[in-house]
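Each remark here refers to the structure printed beneath this line.
Protein chains: 2
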Amino acid sequence: MSLDQLHYFVAVAEEGNMGRAARRLHISQPPLTRQIRHLESELGVELFLRTPRGVRLLPAGEVLLPRARRVLADVAALEHGLRDVSDRRE
Amino acid sequence: MSLDQLHYFVAVAEEGNMGRAARRLHISQPPLTRQIRHLESELGVELFLRTPRGVRLLPAGEVLLPRARRVLADVAALEHGLRDVSDRRE
DNA sequence: GTGCGCCAATACCGTTTGGGTATGGCGCCC
DNA sequence: GGGCGCCATACCCAAACGGTATTGGCGCAC
Chain B
9 MSLDQLHYFV AVAEEGNMGR AARRLHISQP PLTRQIRHLE SELGVELFLR TPRGVRLLPA
69 GEVLLPRARR VLADVAALEH GLRDVSDRRE
Chain U
9 MSLDQLHYFV AVAEEGNMGR AARRLHISQP PLTRQIRHLE SELGVELFLR TPRGVRLLPA
69 GEVLLPRARR VLADVAALEH GLRDVSDRRE
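Residue numbers (the working numbering), protein chains in the order written: chain B, 9 to 98; chain U, 9 to 98.
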């Protein structure tokens with residue numbers, strides 16, 4: 009699992025639609041589909057229900073969403089925190 | 009920044025020595041050195057002081073270490089949590 | 001002060017990963 | 001049934017990553 013995959017997952021969950029999520033992430037749709045499938049296969053869980061109108065979160069996806077957001081928020085905070093440390097040293 | 013880089017950083021911080029950390033991570037020393045340098049450059053902060061006997065954490069590294077551990081722990085917990093969800097559904 | 005040992009850093013190469021384009025298959029709506 | 005929107009697949013190319021070989025710096029023993 010990678011941080012990019014978590015970003016992708018959150019975007020798809022929020023958009024409910026792979027195409028829109030791909031546009032938001034500035035990548036094209038096929039690699040996004042692949043990354044989501046890859047994430048599902050390495051977790052051993054289906055995260056989304058595919059429908060002709062888009063995707064919907066399955067229970068495992070509902071569990072993952074808030075945790076993924078927290079990890080991503082921690083990482084973002086961590087980057088900012090370090091920037092402050094370096095600023096203080098200059 | 010990637011989760012692998014955080015794993016590498018923690019290993020180097022704990023071993024105080026790139027060669028030993030590389031062995032523990034089951035990779036060779038040069039790629040590890042490169043990844044640490046890459047992490048430092050994208051954070052814009054030096055994390056380690058290089059000495060002829062190994063490496064020591066600089067202040068930014070001291071800040072990063074507990075936060076990196078937390079992110080990695082969250083990710084590990086997240087993987088286990090999802091495995092439980094799928095087990096419950098089988 | 002010369003040689004040896006341990007360390008991180010660099011150079012170069014092969015493989016793997018990841019994203020892009022093109023296309024297919026499927027359901028829905030008019 | 002023709003057109004449209006969706007996700008999935010096939011194929012290709014570029015970037016990222018790890019491995020081996022090697023260099024350079026520094027301390028230590030003698």
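Where a beta carbon is used, it is the ideal one built from N, C-alpha and C, also for glycine.
CB contact below 9 angstroms: residue i versus chain B
i: A21 (chain U); result: no
i: A30 (chain U); result: no
i: H15 (chain U); result: no
Residue i at chain U interface by Cβ criterion, 9 angstroms
i: V71 (chain B); result: yes
i: M9 (chain B); result: yes
i: G27 (chain B); result: no
i: R97 (chain B); result: For R97 (chain B), the pLDDT reaches just 49, beneath the cut-off of 50, and the residue's location in the model is therefore unreliable, leaving the point undetermined.
Residue closest to residue i, alpha-carbon to alpha-carbon, out of the options
i: L73 (chain U); options: U:A84, U:F17, U:G24; result: U:F17
i: P60 (chain U); options: U:G24, U:L14, U:S10; result: U:G24
i: L51 (chain B); options: U:M9, U:H88, U:R32; result: U:H88
i: E70 (chain U); options: B:A84, B:V93, B:V71, B:E70; result: B:V93
Heavy atom of the ligand NAP within 8 angstroms of residue i beta-carbon
i: F17 (chain U); result: For the ligand NAP, the structure offers nothing, since it holds no ligand at all.
CB of residue i within 9 angstroms of CB of residue j, strictly
i: R75 (chain B); j: D12 (chain U); result: no
i: V79 (chain U); j: L90 (chain B); result: no
i: V20 (chain U); j: I44 (chain U); result: yes
Cβ-based neighbour list, residue i, same chain, cut-off 8 angstroms, excluding 5 preceding and 5 following
i: A29 (chain B); result: Y16, A19, V20, E22, E23, L40
i: V63 (chain U); result: V20, G24, N25, M26, F56, L57
i: H46 (chain B); result: Q13
i: M9 (chain B); result: L47, E50, L51
Same chain, Cβ closer than 7 angstroms to residue i, five either side skipped, listed in chain order
i: E54 (chain B); result: E48, L66, A68
i: R77 (chain B); result: V18
i: L14 (chain B); result: A76, V79, L80
Contact set for residue i: own chain, Cβ-Cβ below 6 angstroms, skip 5 residues either direction
i: P38 (chain U); result: none
i: R32 (chain B); result: A19
(request) Could you please tell me which residues of the region 78-92 of chain B, in chain order, have their CB closer than 7 angstroms to any CB of chain U? (result) For the region 78-92 of chain B, the set of positions with a beta-carbon nearer than 7 angstroms to some beta-carbon of chain U reads R78, V79, D82, V83, L86, E87, G89, L90, R91 in chain order.
(request) Could you name the residues of the region 34-64 of chain B whose beta carbon sits closer than 7 angstroms to any beta carbon of chain U, in the order they occur along the chain? (result) Result list: L51, G52, V53.
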